[in-house]
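So the structure is just underneath, and the comments pick up after that.
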């Protein structure tokens, strides 16, 4: 079961700041644009999608395809309906994979598996929004990482 709780931080103020506590006991501030002390709740939905697919894709790339990943990020942009409830109507997900000899087919398959099988956040959002996914590969040029040599010691 997933759980969360939010509590108004300043009940006697006009501010709309909340502290959120997740079921795993992590805390963060939620706010609106006027307060600016934390993310808006809908921003966490986008971040949740980015995180959900990122965990899937990096795991598949490392464990199934043994890719040499040295950096990875997922960017999410979403359009919202004009009227309440302002659900996401279009979502753009962009994966940036950095590493050595990265296989584009492996990335495509990892993304496909995340979108069609594993990412629960994406599955929920696809009920109201179209999803458009892109990726790019950035070749890492760090020489010492290409062929790591064992440390040599003198006896």
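In my numbering, the protein residues as written are 118 to 272. Glycine residues also receive a C-beta, built at the ideal position from the N, C-alpha and C atoms.
C-alpha gap between residue i and residue j, whole angstroms
i: residue 188; j: residue 178; result: 12 Å
i: residue 213; j: residue 194; result: 14 Å
i: residue 120; j: residue 141; result: 8 Å
i: residue 215; j: residue 185; result: 9 Å
i: residue 154; j: residue 241; result: 28 Å
i: residue 124; j: residue 162; result: 18 Å
i: residue 235; j: residue 130; result: 42 Å
i: residue 221; j: residue 256; result: 12 Å
i: residue 224; j: residue 206; result: 25 Å
i: residue 168; j: residue 176; result: 12 Å
i: residue 217; j: residue 233; result: 27 Å
Cβ-based neighbour list, residue i, same chain, cut-off 7 Å, excluding 5 preceding and 5 following
i: residue 174; result: 212, 227, 228, 231
i: residue 149; result: 133, 157
i: residue 127; result: 134
i: residue 152; result: 132, 133, 134
Cutoff 8 Å; reference residue i; Cβ partners in own chain excluding five residues on either side
i: residue 164; result: 156, 193
i: residue 118; result: 140
i: residue 203; result: 159, 197
i: residue 143; result: none
Own chain, CB closer than 6 Å to residue i, minus 5 neighbours either side, in chain order
i: residue 251; result: 211
i: residue 209; result: 194, 249
i: residue 254; result: 214, 219
i: residue 171; result: 191
i: residue 196; result: 206, 207
i: residue 238; result: 165, 166, 169
i: residue 182; result: 223
Span of the beta strand (DSSP E), counted from its first residue to its last, around residue i
i: residue 139; result: 135-139
i: residue 121; result: 121-125
i: residue 129; result: Element bounds for residue 129: n/a, residue is neither H nor E.
i: residue 144; result: 144-147
Alpha helix (DSSP H) segments (min. 4 residues) lying fully within the segment 226-258
Entirely contained in the segment 226-258, the alpha helix (DSSP H) runs reaching 4 residues are, in chain order, 237-242.
Would you list, in sequence order, the uninterrupted beta strand (DSSP E) runs of no fewer than 3 residues that lie entirely inside the segment 168-237?
Note on the segment 168-237: whole beta strand (DSSP E) runs with a minimum of 3 residues are 185-197, 205-217, in chain order.
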